[in-house]
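Peer 1: If you read the sequence shown in the numbering used here, its first letter stands for residue 59, the second for the next number, and so on. Glycine included, C-beta positions come from ideal geometry on N, C-alpha and C.
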Amino acid sequence: MLPFPPGSMVLAPMVAITNRAFRTLLHELGGPDWYCTEMASAEAFLSGGRHESIYLDPSPVPERTSVQFTARSPEALAQACERLAALPPEKRPAGVDINMGCAAPHIRGEGRGSALLDDPERAIAMVGAARGSWPGLLSCKLRIGARLGEEGTIRLARSLADAGLDFITLHARFSTQKFRGTSDHTVCWRLAEAVDIPVIANGDIASLEDANRVLGLQPDPSLQNGVRLHGVMIGRGAARKPWIFARPPMTDIDLLAIALRYTELAEHLLPIEWQLSSCRRIFHYYAENLSFAHHVRTSINRARTMQELRLFLMQYFREVPQDRHIVRDTSESARHE
Ligand SMILES: Cc1cc2nc3c(=O)[nH]c(=O)nc-3n(C[C@H](O)[C@H](O)[C@H](O)COP(=O)(O)O)c2cc1C
59 MLPFPPGSMV LAPMVAITNR AFRTLLHELG GPDWYCTEMA SAEAFLSGGR
109 HESIYLDPSP VPERTSVQFT ARSPEALAQA CERLAALPPE KRPAGVDINM
159 GCAAPHIRGE GRGSALLDDP ERAIAMVGAA RGSWPGLLSC KLRIGARLGE
209 EGTIRLARSL ADAGLDFITL HARFSTQKFR GTSDHTVCWR LAEAVDIPVI
259 ANGDIASLED ANRVLGLQPD PSLQNGVRLH GVMIGRGAAR KPWIFARPPM
309 TDIDLLAIAL RYTELAEHLL PIEWQLSSCR RIFHYYAENL SFAHHVRTSI
359 NRARTMQELR LFLMQYFREV PQDRHIVRDT SESARHE
């Protein structure tokens with residue numbers, strides 16, 4: 059039994075975005091049912107990498123957070139899991155996720171991320187090694203392998219499940235596709251039919267409506283066996299609309315207050331050298347809510363200090379006050395999502 063129920067929404071791992079500060083913001087706004095940290099290298103964690111303990115900090119809700127590892131070898135992953143398991147409860151995450159989807163060249167080049175889809179034996183050994191040394195929830199996030207194809211990926215996923223996973227997430231794109239095209243969630247559904255563990259669908263889910271559509275998906279209506287996706291994972295949609303997980307949905311969203319709160323959290327919770335860069339990453343998506351997104355992104359990229367960034371945000375909303383609130387009611391003066 060998973061600690062999050064059917065129909066759950068899960069935060070996707072995103073480098074430089076789903077750090078502790080962003081997860082705290084989501085939590086304050088009514089966060090997801092489950093959180094994932096950005097990826098961290100198992101090998102760097104073991105050798106005392108400077109930032110690994112920050113990447114792997116499961117706050118603010120360790121009991122509902124998985125940390126994500128990339129690893130080159132099953133042995134390193136097993137040792138990293140052992141070390142995590144020995145941490146005090148407030149520092150110990152509830153879950154470990156294994157990255158088998160990242161297609162960035164420097165990750166693939168080291169045999170990590172989606173390179174594991176080209177080496178199914180090592181991928182299965184990774185899960186077995188982690189299972190042997192990690193008593194908590196164990197999951198894996200993958201894309202559709204370019205060499206394996208859809209059927210091959212589903213076969214691999216079945217072996218990964220047998221090796222000891224508690225759930226599996228599929229970003230329904232090919233490993234070579236980057237972010238081109240759109241995700242085909244029917245593959246996630248076919249995966250759910252093929253494995254005995256819960257499946258989470260990921261890719262291009264950007265609203266509650268999208269989430270409900272994917273969760274209700276049953277591509278072959280003649281099949282009455284009730285196979286359902288367990289949940290959806292949301293990545294970029296959460297950076298665009300950090301209130302996306304709130305249940306019941308928020309009715310009055312103050313875009314300035316949320317942006318300023320993130321800057322405050324970044325200053326309190328992130329190392330100084332990450333603060334501006336994480337704001338730039340997140341506001342790149344957040345700016346899509348605004349009339350002058352390009353201008354906002356450029357100005358935020360130019361800001362040299364957090365104070366300059368905050369002053370720009372306040373000035374923007376003074377000059378374009380109609381951008382400040384999104385309300386979900388019939389009020390005439392309000393913008394609607
Ligand atoms: C900026 C950025 C960083 C990402 N970092 C990771 C990562 O660390 N680990 C991972 O498994 N996927 C990573 N992804 C992929 C996302 O977790 C997710 O699979 C992808 O964005 C598709 O979901 P979405 O359409 O909801 O954004 C990243 C994506 C983005 C845009």
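Should the region 126 to 138 be regarded as contacting the region 202 to 216, the criterion being three or more beta carbon pairs within less than 8 Å?
Peer 2: Short answer: they don't touch.
Peer 1: For Ala144 and Arg298, what's the separation of their Cα atoms in angstroms?
Peer 2: Near 36 Å, if we compare the C-alpha coordinates of Arg298 and Ala144.
Peer 1: Within the chosen definition, does the region 257 to 276 reach the region 226 to 246 through at least 3 CB pairs nearer than 8 Å?
Peer 2: The region 257 to 276, when compared against the region 226 to 246, does touch it at the 8 Å Cβ threshold.
Peer 1: Would you say Asn347 touches ligand 3, meaning its beta carbon is less than 8 Å from a heavy atom?
Peer 2: Ligands present in the displayed structure are limited to ligand 1, and ligand 3 is not among them.
Peer 1: Can you tell me which of the three DSSP states Lys236 falls into?
Peer 2: Note: Lys236 maps to coil in three-state DSSP.
Peer 1: Do Pro132 and Gly169 count as a contact pair if the criterion is CB distance below 9 Å?
Peer 2: Taking 9 Å as the Cβ cut-off, Gly169 and Pro132 do not qualify as a contacting pair.
Peer 1: Using a threshold of 9 Å, state whether the C-beta atoms of Gly261 and Ala304 are closer than that.
Peer 2: No, the Cβ-Cβ distance between Gly261 and Ala304 is not below 9 Å.
Peer 1: In whole angstroms, what separates the C-alpha of Asn359 from that of Arg338?
Peer 2: C-alpha separation (whole angstroms): 6 Å.
Peer 1: If we ignore side chains and look at the alpha-carbon of each, how far apart do Ile202 and Phe232 end up?
Peer 2: When rounded, the distance between both Cα atoms is 4 Å.
Peer 1: In whole angstroms, what is the alpha-carbon distance linking Val73 and Met97?
Peer 2: Using only the alpha carbons, I get a separation of about 6 Å.
Peer 1: Could you check if Asn270 belongs to the surroundings of ligand 1, using beta carbon to heavy atom distance under 8 Å?
Peer 2: Result no, Cβ not under 8 Å from ligand 1.
Peer 1: Is the beta carbon of Val290 closer than 9 Å to that of Ile258?
Peer 2: Yes, these two residues count as a Cβ contact at 9 Å.
Peer 1: What separation, rounded to the nearest whole angstrom, lies between the Cα atoms of Arg248 and Leu287?
Peer 2: Answer to the nearest angstrom: the Cα atoms are 9 Å apart.
Peer 1: Nearest chain B C-beta to Leu314 closer than 9 Å, yes or no?
Peer 2: The structure shown contains no chain B; it holds only a single protein chain.
Peer 1: Short of 6 Å in beta carbon distance, which residues of its chain neighbour Glu251, apart from the five on each side in sequence? Order them along the chain.
Peer 2: Around Glu251: Val285.
Peer 1: CB-CB under 6 Å to Asn159, same chain, minus the five flanking residues each way: which ones, in chain order?
Peer 2: One point to set straight first is that residue 159 is Gly, not Asn, in the sequence displayed. For Gly159, where only same-chain residues beyond five positions count, the Cβ hits under 6 Å are Ser172, Lys199, Leu200, Arg201 and His229.
Peer 1: Beta-carbon distances below 6 Å to any heavy atom of ligand 1 define the shell here; list its residues in chain order, please.
Peer 2: My final list is Ala70, Pro71, Met72, Val73, Ile75, Glu96, Met97, Gln126, Asn157, Gly159, Cys160, Lys199, His229, Asn260, Gly261, Asp262, Ile263, Ile292, Gly293, Arg294 and Gly295.
Peer 1: Could you check the C-alpha separation between Gly107 and Pro118 for me, to the nearest Å?
Peer 2: The alpha-carbon atoms of Gly107 and Pro118 are separated by roughly 22 Å.
Peer 1: Between Pro116 and Pro63, what straight-line distance do the alpha-carbon atoms span, to the nearest angstrom?
Peer 2: Distance between the alpha carbons of Pro116 and Pro63 is about 20 Å.
Peer 1: Can you tell which of Asp177, Ser357 and Gln380 has the C-alpha that lies nearest to the C-alpha of Asp312?
Peer 2: Residue Gln380 is the option with its Cα nearest to Asp312.
Peer 1: Taking the beta carbon of Phe237 as the centre, do at least 16 other beta carbons fall within 10 Å, making it buried, or is it exposed?
Peer 2: When all chains shown are included, Phe237 counts as exposed.
Peer 1: Tell me which residue opens and which closes the alpha helix (DSSP H) that Ile112 is part of.
Peer 2: Unbroken alpha helix (DSSP H) run through Ile112: Glu110 to Tyr113.
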